Amino acid sequence: MPELPEVEGVVRALAPVAKGRTIQEVTVSDTVIHSKQLGKEAIIKGITTEDFMAEMVGMTIMDVTRRSKYIYFHLQKDGNACLLVSHLGMTGAWFDVNTIDEIPELKFRKHIHVLFKMEDGGLLVYSDIRRFGEVRLLDCEADHPPLLKMAPEPFEADACRHFLEMAALAKYARKPIKEVIMDGHVISGCGNIYATEALFNMNIHPGRTAERISEKRKKELFHAIVAVLQESIDAGGSSISDYRNINGETGTMQKRLRMYGRKVCAVCGTTTESMKIAGRTSVYCPTCQK
DNA sequence: GGGTAGTACCGGACGC
DNA sequence: TGCGTCCGGTACTAC
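If you want it as structure tokens, here you go:
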């Protein structure tokens with residue numbers, strides 16, 4: 009399940025190998041073509057499959073960057089710049105390979121949905137098992153308003169102030185803190201795994217409402233989130249189920265997680281409990297987290 | 001018009 | 001073995 013650290017890992021690996029390369033040919037899976045024919049927005053969003061394929065041919069990748077959990081491919085064709093925005097959803101992955109056989113696992117080879125053949129003969133492949141991910145071709149960021157509404161990057165100086173201001177709004181104040189910190193308008197890139205870890209590290213119960221946490225504790229919580237995101241980036245991300253980097257390698261952060269997916273609290277040995285918050289399973293220690 | 005609830009997008013894991 | 005149910009990040013629609 010890729011969150012910010014995993015996406016950062018993909019971008020760091022992808023940028024140096026993708027920059028300067030030009031797309032010669034585009035293939036889209038029959039599954040996506042069929043879904044699009046049925047009127048579904050499967051993976052390729054906001055454009056027909058035919059138009060997508062036609063537009064992408066001849067595009068040169070100028071850079072690859074990250075914004076929250078989105079990958080931005082900065083493209084150029086005939087002197088015009090545009091943006092290919094990709095979200096990995098639950099099970100999406102990009103691979104930079106010479107042949108499909110180089111993709112290390114069958115489950116990823118089986119679910120290739122977008123394949124760019126580059127002018128140098130290499131392949132840039134988007135695979136997505138559950139098809140929750142997306143690929144969106146835009147003229148610029150402003151063409152997809154949700155991108156403009158995202159909170160600042162958590163590592164930016166402004167992010168903590170933004171978090172505190174948002175969390176104080178009436179619409180967030182009475183919500184469980186876990187729901188608040190997983191909202192991309194409040195903090196960018198903090199999903200279930202890292203929200204769970206940060207709350208555990210701070211001894212805060214995930215169901216506690218935002219208004220019942222002091223400003224000082226909220227500030228500390230913000231820094232705990234940033235710390236766990238940074239730790240995970242340094243560890244190559246958490247490979248829970250289907251995250252792989254562009255070479256098919258897994259990260260090691262999952263070995264360092266102290267609460268997510270745990271049956272027993274790593275600190276006090278109490279059996280962990282779980283509750284649903286905003287539709288997601290939230291694991292916590294009933295002894296340590298109040 | 002803002003907030004909220006429901007729904008769409010899915011294959012695989014898991015329990016019975 | 002086969003069936004039913006659950007899981008989840010984001011965007012969009014309906015109310």
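For the first sequence, the numbering used here assigns the number 9 to the initial residue and increments by one for each residue that follows. Quick reminder that beta carbons are idealized off the backbone N, C-alpha and C, glycines included. Note that the coordinates shown come from a computational prediction; the quantities given were computed from them, not determined experimentally.
Coil, strand or helix - residue i by DSSP
i, result
"Y180", "helix"
"F124", "strand"
"R139", "coil"
"R220", "helix"
"A175", "helix"
"I55", "coil"
"E33", "strand"
"R144", "strand"
"R20", "helix"
"A89", "strand"
"L96", "coil"
"E11", "coil"
"T278", "coil"
"H42", "helix"
Cβ-based neighbour list, residue i, same chain, cut-off 7 Å, excluding 5 preceding and 5 following
i, result
"S282", "T289, S290 and V291"
"D128", "R29"
"H119", "S135, D136 and I137"
Test item: CB-CB of residue i and residue j under 9 Å
i, j, result
"D136", "L96", "yes"
"T260", "R270", "no"
"V105", "I51", "no"
"F124", "M64", "yes"
"I233", "A203", "yes"
"A101", "I69", "no"
"K284", "R216", "no"
"K227", "L177", "no"
"A150", "V194", "no"
"N209", "A235", "yes"
"P112", "R252", "yes"
Buried versus exposed call for residue i [16 or more other C-beta atoms within 10 Å across all chains shown]
i, result
"V19", "buried"
"H42", "exposed"
"P294", "exposed"
"Q45", "exposed"
"D109", "exposed"
"E16", "buried"
"K179", "exposed"
"A206", "buried"
"G308", "As shown, the chain starts at 9 and ends at 298. That puts residue 308 outside it, with no answer to give."
"G87", "exposed"
"T57", "buried"
Cutoff 8 Å; reference residue i; Cβ partners in own chain excluding five residues on either side
i, result
"E219", "A181 and R182"
"E33", "V65, F124 and K125"
"E161", "R75, S76, A167, S196 and G197"
Residues near residue i in its chain [Cβ-Cβ closer than 6 Å; skip 5 each side]
i, result
"T73", "Y80"
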